[in-house]
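This report concerns only the one structure given below.
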Amino acid sequence: MTGRPGVVVITGSGGMGTAVARRIGAGRTVLLADASAPALERAAAALRDEGHQVLTQVVDVSDAASVKELAERAAATGRAGAVVHTAGVSAVTSTVERVLRVDLLGTALVIEAFEAVAEPGTSVVCVASMAGHLARLTPGQERDLATTPSGDLLSLDVVRRVPPHDTVGAYVLAKRANQIRAQAAALAYNRAGARISTISPGVVSTAMARAEQQGATGEQMMASLKACGIGRPGTPGELAAAVAFLTGPDSRYLTGTDLLLDGGQAAWMRWHAGFGTGPA
Numbered sequence: 014m015t016g017r018p019g020v021v022v023i024t025g026s027g028g029m030g031t032a033v034a035r036r037i038g039a040g041r042t043v044l045l046a047d048a049s050a051p052a053l054e055r056a057a058a059a060l061r062d063e064g065h066q067v068l069t070q071v072v073d074v075s076d077a078a079s080v081k082e083l084a085e086r087a088a089a090t091g092r093a094g095a096v097v098h099t100a101g102v103s104a105v106t107s108t109v110e111r112v113l114r115v116d117l118l119g120t121a122l123v124i125e126a127f128e129a130v131a132e133p134g135t136s137v138v139c140v141a142s143m144a145g146h147l148a149r150l151t152p153g154q155e156r157d158l159a160t161t162p163s164g165d166l167l168s169l170d171v172v173r174r175v176p177p178h179d180t181v182g183a184y185v186l187a188k189r190a191n192q193i194r195a196q197a198a199a200l201a202y203n204r205a206g207a208r209i210s211t212i213s214p215g216v217v218s219t220a221m222a223r224a225e226q227q228g229a230t231g232e233q234m235m236a237s238l239k240a241c242g243i244g245r246p247g248t249p250g251e252l253a254a255a256v257a258f259l260t261g262p263d264s265r266y267l268t269g270t271d272l273l274l275d276g277g278q279a280a281w282m283r284w285h286a287g288f289g290t291g292p293a
């Protein structure tokens with residue numbers, strides 16, 4: 014098993030995904046996946062120009078068969094040492110239905126598909142969001158979101174009750190589900206000698222974040238960065254450094270948990286801005 018070539022699987026070819034590829038992909042095959050073939054090929058070409066070995070696959074993370082094909086190709090290509098799920102959509106530029114299908118269901122499908130091919134040393138990191146720490150859910154709702162089979166997730170009452178135009182509410186719900194679903198999956202990954210975690214960034218300077226800044230919540234977003242004291246967004250490189258830790262040898266005893274990477278925004282919101290985190 015140790016003689017098999019190393020593979021890094023990355024979903025999402027945007028700023029976060031390419032930063033992660035540059036940080037942890039050297040010397041390994043990068044299997045890069047995205048829903049957009051043109052975006053995928055642009056990112057792959059840039060990485061290849063820098064010396065990375067890159068394979069590509071068009072994947073719809075909201076489709077179980079598509080995600081399963083990605084996991085099976087990764088297993089056939091080599092030893093998947095790292096699986097980093099960055100693919101997602103934003104509340105500002107999407108619809109409630111798409112947020113729930115991509116950010117909620119898509120992450121659940123990735124967790125399940127790679128659980129089936131996980132082997133000793135595999136580390137899965139799903140990019141959630143600081144927003145998940147602001148969710149106000151009951152213990153029962155959290156249990157349902159964490160453990161319900163993926164095929165039934167979108168039928169849960171807590172999901173169906175999201176108002177049709179509340180994209181922010183859908184996003185918060187989805188990202189909280191990402192965090193707790195990874196926690197619930199940690200037992201199965203441990204039994205395979207693997208591990209799984211989430212990373213919850215605040216504002217990271219990517220094309221998606223810049224689009225959000227132009228939306229209705231952009232001014233509030235930037236004001237919170239100032240109010241919490243950090244005064245700036247994070248960089249894709251900072252996120253990639255955290256992912257390198259979560260997928261590297263120094264975190265072998267870390268699984269089933271979330272790393273909050275937000276410059277202190279969530280702490281400011283909870284303790285200084287009056288945003289509670291208990292049940293509604």
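Taking this note's numbering, the leading residue of the sequence shown gets 14, the next gets one more, and so forth.
C-beta: ideal position from N, C-alpha, C; glycine also.
Are Thr-260 and Ser-136 closer than 9 Å when you measure CB to CB?
yes
For Thr-42, list the residues DSSP reports as bridge partners.
Val-20 and Gln-66
Starting from Leu-272, follow the beta strand (DSSP E) in both directions and report where the run begins and ends.
Annotation: the continuous beta strand (DSSP E) that includes Leu-272 extends over 271-274.
Would Val-171 and Asp-157 qualify as a contact pair, given that the criterion is a beta-carbon distance under 9 Å?
yes
Buried/exposed call for Ala-50, threshold 16 Cβ in 10 Å:
exposed
Hey, quick one: how far does the alpha helix (DSSP H) through Pro-152 stretch, first residue to last?
Its alpha helix (DSSP H) spans residues 152-160.
Let me know the secondary structure DSSP gives Arg-283 once reduced to three states.
helix
Going by the beta-carbon positions, is the gap between Val-96 and Val-72 smaller than 9 Å?
no
Please name the residue in Val-67, Thr-268 and Ala-240 whose C-alpha comes closest to that of Met-282.
Ala-240
Pull up the distance between the alpha-carbon of Ser-26 and that of Gly-164, whole angstroms please.
Across the structure, Ser-26 and Gly-164 are spaced so that their CA atoms are roughly 26 Å apart.
Taking the continuous beta strand (DSSP E) assigned at Pro-214, which residues delimit it?
208-214
From the DSSP output, in three-state form, read off Val-217 for me.
strand
Which two residues bound the contiguous beta strand (DSSP E) that contains Ala-95?
92-98
Go to Val-256, then tell me how far its beta strand (DSSP E) extends in each direction, as first and last residue.
Looking at the DSSP string, Val-256 is not in any beta strand (DSSP E); the run it does join, the alpha helix (DSSP H), is 249-260.
Using alpha carbons as the reference points, say which of Gly-91, Val-67 and Ala-48 lies closest to Asp-76.
Ala-48
Own chain, CB closer than 6 Å to Asp-275, minus 5 neighbours either side, in chain order:
These residues qualify, in order along the chain: Met-143 and Gly-215.
With 16 other CB atoms within 10 Å as the buried threshold, where does Tyr-202 fall?
buried
Give a yes or no on whether the C-beta atoms belonging to Leu-118 and Leu-166 are separated by under 9 Å.
yes
What does the Cβ neighbour count give for Ala-286, buried or exposed, with the cut at 16 atoms within 10 Å?
exposed
Taking the alpha-carbon positions, what's the Arg-41 to His-65 distance?
Cα to Cα, Arg-41 sits roughly 8 Å from His-65.
Using the C-alpha atoms, what's the distance from Met-235 back to Val-115?
25 Å
To which residues of the same chain is Ser-107 closer than 8 Å at the C-beta, ignoring the five residues directly before and after it?
Val-115 and Thr-180
Close Cβ partners of Val-80 (< 7 Å) along its chain, the five nearest in sequence each way excluded
Val-72, Val-74, Leu-122, Val-123 and Ala-126
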